[in-house]
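S.K.: Take a look at the following structure, please.
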Amino acid sequence: MYSPYIVHIGSSCCGCGACAQRCVRGNLEFAGELAELKKDYVCVGCMACVKWCPTHALAVEPAKPVSTYLRAR
Numbered sequence: 046m047y048s049p050y051i052v053h054i055g056s057s058c059c060g061c062g063a064c065a066q067r068c069v070r071g072n073l074e075f076a077g078e079l080a081e082l083k084k085d086y087v088c089v090g091c092m093a094c095v096k097w098c099p100t101h102a103l104a105v106e107p108a109k110p111v112s113t114y115l116r117a118r
């Protein structure tokens with residue numbers, strides 16, 4: 046499935062779990078001590094993960110439409 050938003054997890058992630066607890070879609074999980082996105086995540090852009098991250102490690106941006114990638118070929 047296509048996610049209209051891309052979530053970036055930065056190196057300042059402290060592994061506290063605040064993002065995973067607040068994500069309304071359950072897109073985040075923990076592998077070891079750091080947050081990771083689930084394989085087929087679909088972000089709705091609510092920004093809850095960004096708002097609650099104490100280290101500001103998360104960023105959410107709109108994804109480019111698939112047609113943008115096809116034109117670049």
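Residue numbers for the sequence shown follow the working numbering, so the first one is 46 and each next one is one higher. In this text, a Cβ means the ideal position worked out from N, Cα and C, and glycines have one as well. Computed from a predicted model, the values in this text were never measured in an experiment.
What is the DSSP secondary structure of V105, counted as helix, strand or coil?
M.R.: Strand at V105.
S.K.: Out of curiosity, what's the CA-to-CA distance linking C94 and P110?
M.R.: Their Cα atoms are separated by approximately 23 angstroms.
S.K.: Applying the 10 Å Cβ sphere with the 16-neighbour rule, what's the burial state of A63?
M.R.: Per the 10 Å Cβ criterion, buried.
S.K.: Would you identify the three-state DSSP class for V95, choosing helix, strand or coil?
M.R.: Reduced to three states, the DSSP call for V95 is helix.
S.K.: Quick one: what's A65 bridged to in DSSP?
M.R.: BP columns for A65 are empty, so no partner.
S.K.: Closer than 7 angstroms by C-beta to A102: which residues in its own chain qualify, once you throw out the five before and the five after it? Chain order, please.
M.R.: Excluding residues within five positions, the ones whose Cβ falls inside 7 angstroms are I54, G55, S57, C58.
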